[in-house]
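Numbering (the numbering used here), first residue to last: 19 to 190.
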C-alpha cells in the first residue's frame, strides 16, 4: 500500500514538472487534467509590467480660467527601507488594480456614459477629488497616463480623459 502511495506521489511530481514546459505535451496534459490538479507555476510573468500609471488633474475655476495639470501622488513612500516596511503598498496596489480594471471596461464598453457609474471610475474620481484644489474650483477633469522609464523625461502615453465633473467644497 505504501508503495502505491509513493508511486502516485512520484508520478504527480513528474507530471507537475513536465506540465511547466510549454508545448504539445502540456496541451495534452491540460486536456486530461479536467479537475485542474496539475499546478502551473509562473515565477516570472510572461508579460511583465514595464510601465506605471499616472493620474493628472486640472481645475476649472469660477472665473472660467484653468489651472495647470497637477499629478496625483500615487507613489508617496520613497524611503530606502520600503522593501521591508511599506504600508502604502496595499493602497498603491488597489489604485493600480482599479486603473487596470477601469481601462479594461473602457475598452469593452459599448456605452461610454454608463462607464462613469462603474466602481472603478468613482474610486478614481474620489481619489482626484481628495487632492488639494483651489477654493474657486467649480469643475475638475482627470487624465490617466502610462509612463515608462525612471528619468524625468520618461515616455508617456495618454490612456483616458475624463469628462468635467462639478465639485463642491466643504463649508468651513
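Just so it is clear, CB atoms sit at the ideal spot from N, CA and C, and this is done for glycine as well. Small disclaimer: the values here were computed from a predicted structure and weren't measured.
Where residue i falls, given that 16 or more other Cβ within 10 Å makes a residue buried
| i | result |
| --- | --- |
| residue 30 | exposed |
| residue 93 | exposed |
| residue 190 | Its pLDDT being 49, under 50, residue 190 is placed unreliably in this model, and the coordinates cannot settle the point. |
| residue 142 | buried |
| residue 101 | exposed |
| residue 26 | exposed |
| residue 139 | buried |
| residue 120 | buried |
| residue 112 | exposed |
| residue 134 | exposed |
| residue 117 | buried |
| residue 73 | buried |
| residue 179 | exposed |
Residue i: first and last residue of the uninterrupted beta strand (DSSP E) it sits in
| i | result |
| --- | --- |
| residue 159 | 155–166 |
| residue 70 | 70–79 |
Unbroken alpha helix (DSSP H) run spanning residue i, endpoints
| i | result |
| --- | --- |
| residue 114 | 107–126 |
| residue 44 | 42–50 |
| residue 134 | Looking at the DSSP string, residue 134 is not in any alpha helix (DSSP H), and its letter there is neither H nor E. |
| residue 33 | 20–36 |
In DSSP terms, what residue i is bridged to
| i | result |
| --- | --- |
| residue 173 | 166 |
| residue 89 | 74 |
| residue 178 | 162 |
| residue 184 | 157 |
| residue 84 | 78 |
CB-CB length for residue i against residue j, believed under 8 angstroms
| i | j | result |
| --- | --- | --- |
| residue 159 | residue 123 | 19 angstroms between Cβ atoms; not a contact. |
| residue 152 | residue 85 | 7 angstroms |
| residue 235 | residue 161 | Nothing about residue 235 can be reported from this structure: the residues present for the chain run from 19 to 190 only. |
| residue 68 | residue 166 | 6 angstroms |
| residue 114 | residue 71 | 6 angstroms |
| residue 155 | residue 185 | 6 angstroms |
| residue 22 | residue 33 | So it is not a contact: roughly 16 angstroms between Cβ atoms. |
Practice prompt. Could you tell me whether the stretch 66–81 touches the stretch 49–56, where touching means 3 or more Cβ pairs closer than 8 angstroms?
Written response: no
Practice problem: May I ask you to verify whether the stretch 162–174 touches the stretch 96–109, counting CB pairs closer than 8 angstroms and requiring at least 3? | Solution: no
Q | Touching by the beta-carbon criterion (3+ pairs, under 8 angstroms), the stretch 36–46 and the stretch 123–138 | A | no
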